[in-house]
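Take the sequence shown: its letter number 8 is residue 136 in our numbering, and every next letter is one higher. Heads up, the beta-carbon is just placed ideally off N, CA and C, and yes, glycines get one too.
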Amino acid sequence: MSTAPRRRFGQHFLHDSWYINQILNAVTATPNQQLVEIGPGRGAITIGLLRAAKSLDVIELDRDLLEPLATNCNGLGTLRIHNGDALKFDFCALLHQENNTNNLMTHNAINPNLLRVVGNLPYNISTPLLFHLIKQLDCIADLNLLLQKEVVERLVATPGTKTYGRLSVMTQIHCCIEWIFDIPPTAFKPIPKVNSSFVRLRPYREPKYTISNLSLFTKLVTQAFSQRRKKLRNALQPLLSETTIRTCNIDSSLRPEQLTVMDFVNIANTVAAMDYMSDG
129 MSTAPRRRFG
139 QHFLHDSWYI
149 NQILNAVTAT
159 PNQQLVEIGP
169 GRGAITIGLL
179 RAAKSLDVIE
189 LDRDLLEPLA
199 TNCNGLGTLR
209 IHNGDALKFD
219 FCALLHQENN
229 TNNLMTHNAI
239 NPNLLRVVGN
249 LPYNISTPLL
259 FHLIKQLDCI
269 ADLNLLLQKE
279 VVERLVATPG
289 TKTYGRLSVM
299 TQIHCCIEWI
309 FDIPPTAFKP
319 IPKVNSSFVR
329 LRPYREPKYT
339 ISNLSLFTKL
349 VTQAFSQRRK
359 KLRNALQPLL
369 SETTIRTCNI
379 DSSLRPEQLT
389 VMDFVNIANT
399 VAAMDYMSDG
């Protein structure tokens, strides 16, 4: 049985103990928290998480890693291994039903009734996996993720920059994003061709933006950035007329990448209120 990293799974195993400890210190897991790790690999981060939390769920697609992972974590706590695809995984199903959901929380505390997600996400699925996780934020306290640095740059990007796009907008409406530190390629085996970064996404407890129709908002943002270099009136043409865009007090000659998150919110809310959305 081989436990070597597999290209088809996008595996790059973190092996540098200094960076492993930096991640564990940033997460600061405790026994009262519900933790789930995506892509534990051979257990570099898993071992420290399990020692601290005493209980841990992990999602691993590679069957060849399950036995060595269980062996490496033997005696450290309760490890529940889920052999499956994180892109299809129901994270909310992991919540412990017996927990009291009415616990009062201080402003900066981690809610023990919600999941803390940790993961070294495979580069080849990181963006679709982020969108999958965003759909399940109602049951997530925070996301502590090791990602390709380029993806993190997109997460925190501001309007008018080349990295600003659909992922930026859809993440920023839901989460406070903290770029914690970078990790060089040499910390991994095999050595990737890109730099990596560790980031924390913490869903807002109270919505930062009031969006009357999230489905409509998502549709507009997706359509706009599918043609990001076109002017807004052309990029949104399948959904909205130029007259409708002007009704939203938005300059239709702007490009989608020039609009702020609030601009997209205003367009979606105005369209929803005026029922101008076409059947397309």
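Item	Value
Can you pull the DSSP bridge partners for G169?	In the DSSP output, where bridge partners are listed per residue, G169 has none listed.
Name the DSSP bridge partner or partners of Q276?	S324
Going by DSSP, which residues form a beta bridge with P196?	Answer is none; P196 lacks a bridge partner.
Starting from the C-beta of L360, find all residues in its chain whose C-beta is less than 8 angstroms away, skip the five residues before and the five after it, and write them out in chain order.	A352, I373, I378, D379, S380, S381, L382, R383, P384 and L387
What would DSSP say about T206, mapped onto helix, strand or coil?	strand
DSSP beta-bridge partners for Q162?	L243
By DSSP, does V399 sit in helix, in strand, or in coil?	helix
In whole angstroms, what is the alpha-carbon distance linking R294 and F345?	11 angstroms
What span of residues does the alpha helix (DSSP H) with V349 cover, start to end?	L342 to F353
According to the Cβ coordinates, are L204 and I175 closer than 8 angstroms?	yes
Roughly how many angstroms separate the alpha carbons of V349 and T156, rounded to a whole number?	35 angstroms
Taking the C-alpha atoms as reference points, what is the distance between F141 and G169?	7 angstroms
Per DSSP, what kind of secondary structure is E334 in: helix, strand or coil?	coil
Thinking C-alpha only, which one of C303, R357 and W307 is nearest R333?	C303
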